[in-house]
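Student: I'd like to ask some things about the structure below.
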Amino acid sequence: MLQLNFIRENREQVLQGLKVRNYDTAALSIIDEIIALDNERKKTQLGLDTIKNESNQLSKEIGVLMKQGKKEEADTQRARVNDLKEDTKNLEGQLDQAEKSLESLLLQLPNIPHISVPKGKSEADNEVFKAWSQQLPELGENALPHWELAKKYNLFDLELGVKITGSGFPLYRGKGARLQRALINFFLDEATNAGYEEIQPPHLVNEASARATGQLPDKEGQMYHATKDDLYLIPTAEVPVTNIYRDVILEERDFPIKLTAYTPCFRREAGSYGAHVRGLNRVHQFDKIEIVRIEHPEKSYEALNEMLDHVSGLLEKLELPYRILRLCGGDLGFTSALTFDFEVFSAAQKRWLEVSSVSNFETYQTNRLKLRFREGKKCFGTHFERKCFSVGKNCSLAA
RNA sequence: GGAGAAGUGGCAGAGCGGUUGAAUGCAUCGGUCUUGAAAACCGACGUACUCGAAAGGGUAUCGGGGGUUCGAAUCCCUCCUUCUCCGCCA
Numbered sequence: 028m029l030q031l032n033f034i035r036e037n038r039e040q041v042l043q044g045l046k047v048r049n050y051d052t053a054a055l056s057i058i059d060e061i062i063a064l065d066n067e068r069k070k071t072q073l074g075l076d077t078i079k080n081e082s083n084q085l086s087k088e089i090g091v092l093m094k095q096g097k098k099e100e101a102d103t104q105r106a107r108v109n110d111l112k113e114d115t116k117n118l119e120g121q122l123d124q125a126e127k128s129l130e131s132l133l134l135q136l137p138n139i140p141h142i143s144v145p146k147g148k149s150e151a152d153n154e155v156f157k158a159w160s161q162q163l164p165e166l167g168e169n170a171l172p173h174w175e176l177a178k179k180y181n182l183f184d185l186e187l188g189v190k191i192t193g194s195g196f197p198l199y200r201g202k203g204a205r206l207q208r209a210l211i212n213f214f215l216d217e218a219t220n221a222g223y224e225e226i227q228p229p230h231l232v233n234e235a236s237a238r239a240t241g242q243l244p245d246k247e248g249q250m251y252h253a254t255k256d257d258l259y260l261i262p263t264a265e266v267p268v269t270n271i272y273r274d275v276i277l278e279e280r281d282f283p284i285k286l287t288a289y290t291p292c293f294r295r296e297a298g299s300y301g302a303h304v305r306g307l308n309r310v311h312q313f314d315k316i317e318i319v320r321i322e323h324p325e326k327s328y329e330a331l332n333e334m335l336d337h338v339s340g341l342l343e344k345l346e347l348p349y350r351i352l353r354l355c356g357g358d359l360g361f362t363s364a365l366t367f368d369f370e371v372f373s374a375a376q377k378r379w380l381e382v383s384s385v386s387n388f389e390t391y392q393t394n395r396l397k398l399r400f401r402e403g404k405k406c407f408g409t410h411f412e413r414k415c416f417s418v419g420k421n422c423s424l425a426a
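Each number in this note's numbering corresponds to the 1-based position in the first sequence with 27 added.
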C-alpha cells in the first residue's frame, strides 16, 4: 500500500499514476476522499490524546492525594476522571472507525507505475522490450502438443492426478519427474551462484502472513484454506519468504538482501477452464522458483536490471527462444511499479507463453509488511523486487 | 491430547497496583583521553500516531486480544508461543 504522507505530499504524481492505470475521473476522487478522511482522523486523534492526557494527569494526582491521606479530594478527582471516560470511549470508537475506513481505501489503491510504464489497456499494448532476433522454431505437421508427448513418453499423468486428488494436480513420473527436479536444481543453483541465499520455507502460512503480503482479504477465494488449523497453502513462495521481514527494521548495512526459494504453489484458480488451460498450462499445484531482493530505494532499479540479466541468462543456457515485455499500465499488476514478463515461444502451441516475470514493487509491499530501514534516525520504506520462475506451468517440455 | 512453568527494550535481567517508558549490566553510536588502538570517563540510545516553523510537547506500546480500577508491566479472562513431564505417533 501507499503511505498516507506520500499521497498527501505527492497528490499530483499519484493522480498521474492512476491515469496510466486507466482510472477515470470518478475513480480518481478516491485520493481526495482519503485525504479528507485522514484530516478527520487527525482531528479525532488530537481530541482523544488531549482527553487522555487530562485523565492521566488527574490519576497521578489521585495517587499523590491518597498518599497524603486526602481521601475526599481524591474522590472528587475520581469523579472527574469518570466523566472523561465516556468521551474517551466515544472518541476511541470514532478513531477506530476512521482508521478502518482509511485502511480499506488505501488497500483499494494500486501502486504508482514507474515513469517508463507505457499507457495501454490490455496485454495487447505491452511493449516488446527485447525481441527474439533469430528464427522461431517450427515443428512439422504431425508434431504433438505437450500433453500428447507426455503420454507417449510417460512423462506425466493427469488422469492419475485426478484419481489421487482432482483435476489440476499433475503427477510427474519417470523422465518427466526427473526433468522437473533438474529444472528446480538448475534454477536454485544458478541463483545461489549469483549470490542468493536459498530458503526452504513452510508451505502453509497463518493468517497474519497471508494478510501482510496482500493475499488476504482480496484473494481469499484463490487460496486453499486448512480451516481446522486456520492455515493457508501458499500460492507462491513470496508469501512465506517475504514474511521473514514482516515488522522488521533493517540497518543500511543489511543491504542487499538476496533470497531464493523453491516451493510448490497451490492455487484454486476458481473460474478458469477451457482450451487455454489444457495440459500443464494452468494447474492447481505447480513448482516455482522465486528470487527476492530487498534493496535501498536508490539501488532498486539497478537491482531490477541485474535480475533481468539473470533470468535472460537462464533462458539462454536452456537455449529457449524468449522475449521480454514491458507491461503497460492496463496489464501491470496491482502492487507493481514496473514489471517485465519473460515469454518463451511454444512451437507446438504456436504462441508465446509467460514463464517468468520480474517486478519492482518499490515501497508498496514493504509498507504493508512494515519492513523499514534505518538511515540516520529516520526509518524509510525499502524497495522490494522479485522475480518468479515457474516450472511445469510452462512449455519447456514441448518446446 | 493431558499436567505444570514461563513470555519485560538489540541481548541479559530487575520490577509484581500509583511520580516506571520501565533499574542495572552488555551491545551499539557520538565525544574526551591516546601516535593509533584498548581501557577509563562523559553523553546518546526503541517504535507508531499526533501537536508544533523549531525548540519542545502529547498519546499508545512490557507475547496478542479483552476485562477490573481514578490508575495495570504488575490483578482477572482468553488466545498464541516456548520449555518440562505423561500419552499418541500414518
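Here a beta-carbon is modelled for each residue, glycine too, at the ideal position from N, C-alpha and C.
Taking E234 as the reference, which of V266, G222, T219 has the closest Cα?
Tutor: One-based indexing of the first sequence puts residue 234 at position 207. E234 has its Cα closest to that of V266, out of V266, G222, T219.
Student: Evaluate P262 with the Cβ neighbour count: other Cβ atoms within 10 Å of its Cβ, from every protein chain shown; 16 or more gives buried, anything less gives exposed.
Tutor: Position 235 of the first sequence, counted from the start, is the residue given in the question as residue 262. Per the 10 Å Cβ criterion, buried.
Student: Between which two residues does the beta strand (DSSP E) containing S386 stretch?
Tutor: Taking the first sequence and counting its residues from 1, one reaches residue 386 at position 359. Looking at the DSSP string, the run of the beta strand (DSSP E) that includes S386 is 378 to 387.
Student: Does DSSP put K404 in a helix, a strand or coil?
Tutor: Along the first sequence, read from residue 1 onward, the residue named residue 404 stands at position 377. The pLDDT assigned to K404 is 43, lower than 50, so where the model puts this residue is not dependable; a value taken from the coordinates is nonetheless given after this. K404 falls in the coil class under three-state DSSP.
Student: Please state whether DSSP places E346 in a helix, a strand or coil.
Tutor: Position 319 of the first sequence, counted from the start, is the residue given in the question as residue 346. In the structure shown, E346 sits in coil (DSSP, three-state: anything other than H, G, I, E or B).
Student: Do you know how far the Cα of L215 is from the Cα of A177?
Tutor: Looking up residue 177 in the first sequence gives position 150. Looking up residue 215 in the first sequence gives position 188. If you take the alpha carbons of A177 and L215, they lie about 25 Å apart.
Student: How is H323 classed by DSSP in three states: helix, strand or coil?
Tutor: Counting from one through the first sequence, the residue named residue 323 turns up at place 296. In this structure, H323 counts as coil in the three-state DSSP scheme.
Student: With distances taken from CA atoms, which of V155, N153, E126, L171 is nearest Q14?
Tutor: No answer is possible for residue 14: it lies beyond the span of the chain, which begins at 28 and ends at 426.
Student: Rounding to the nearest angstrom, what Cα-Cα distance links A302 and R280 in this structure?
Tutor: Residue mapping note: residue 302 aligns to position 275 of the first sequence, counting from 1. Residue mapping note: residue 280 aligns to position 253 of the first sequence, counting from 1. Summary for A302: the model assigns pLDDT 47, below 50, so the residue's position carries little reliability, and this model does not support an answer.
Student: Compare the Cα-Cα distances from S82 to each of D110, E39, K326, Q124 and report the closest residue.
Tutor: Taking the first sequence and counting its residues from 1, one reaches residue 82 at position 55. Nearest of D110, E39, K326, Q124 to S82, Cα basis: D110.
Student: Spatial neighbours of K94 within its chain, please: C-beta separation below 6 Å, excluding the five flanking residues on both sides.
Tutor: Numbered from its first residue, the first sequence carries residue 94 at position 67. Nothing meets the Cβ criterion.
Student: Between which two residues does the beta strand (DSSP E) harbouring P164 extend?
Tutor: Taking the first residue of the first sequence as 1, we reach residue 164 at position 137. That residue, P164, is in no beta strand (DSSP E); it is neither H nor E in DSSP.
Student: Between K202, N80, T393, F33, which lies nearest to D65 when the distance is taken from Cα to Cα?
Tutor: Numbered from its first residue, the first sequence carries residue 65 at position 38. The residue with the shortest Cα to Cα distance from D65 is F33.
Student: Should G201 and N169 be called a contact, given that it needs their Cβ atoms to be closer than 8 Å?
Tutor: Along the first sequence, read from residue 1 onward, the residue named residue 201 stands at position 174. Along the first sequence, read from residue 1 onward, the residue named residue 169 stands at position 142. Not in contact: G201 and N169 (Cβ atoms no closer than 8 Å).
Student: DSSP puts V155 in a beta bridge; with which residues?
Tutor: Working through the first sequence from its first residue, we reach residue 155 at position 128. In the DSSP output, where bridge partners are listed per residue, V155 has L352.
Student: Does DSSP classify R226 as helix, strand or coil?
Tutor: The residue labelled residue 226 in the question sits at position 199 within the first sequence. As written in the sequence, residue 226 is Ile, which differs from the Arg given in the question. Note: I226 maps to strand in three-state DSSP.
Student: What does the alpha-carbon distance come out to for the pair L129 and S194?
Tutor: In the first sequence, the residue the question calls residue 129 occupies position 102. In the first sequence, the residue the question calls residue 194 occupies position 167. If I take the Cα positions, the gap works out to 41 Å.
Student: Using a 10 Å radius around the Cβ and a threshold of 16 neighbouring Cβ atoms, would you call P244 buried or exposed?
Tutor: As a working mapping, residue 244 is identified with position 217 in the first sequence. With fewer than 16 other Cβ atoms within 10 Å, it is exposed.
Student: So what's V232 in DSSP terms, helix, strand or just coil?
Tutor: Along the first sequence, one-based indexing puts residue 232 at 205. If DSSP states are grouped into helix, strand and coil, V232 belongs with the strands.
Student: Return helix, strand or coil for F282, following the three-state DSSP convention.
Tutor: Residue 282 sits at position 255 when you count from the first residue of the first sequence. Three-state DSSP puts F282 in coil, outside helix and strand.
Student: Should K69 go down as buried or exposed, given a rule of 16 or more other Cβ atoms within 10 Å for buried?
Tutor: Indexing the first sequence from 1 puts residue 69 at position 42. K69 should be labelled exposed.
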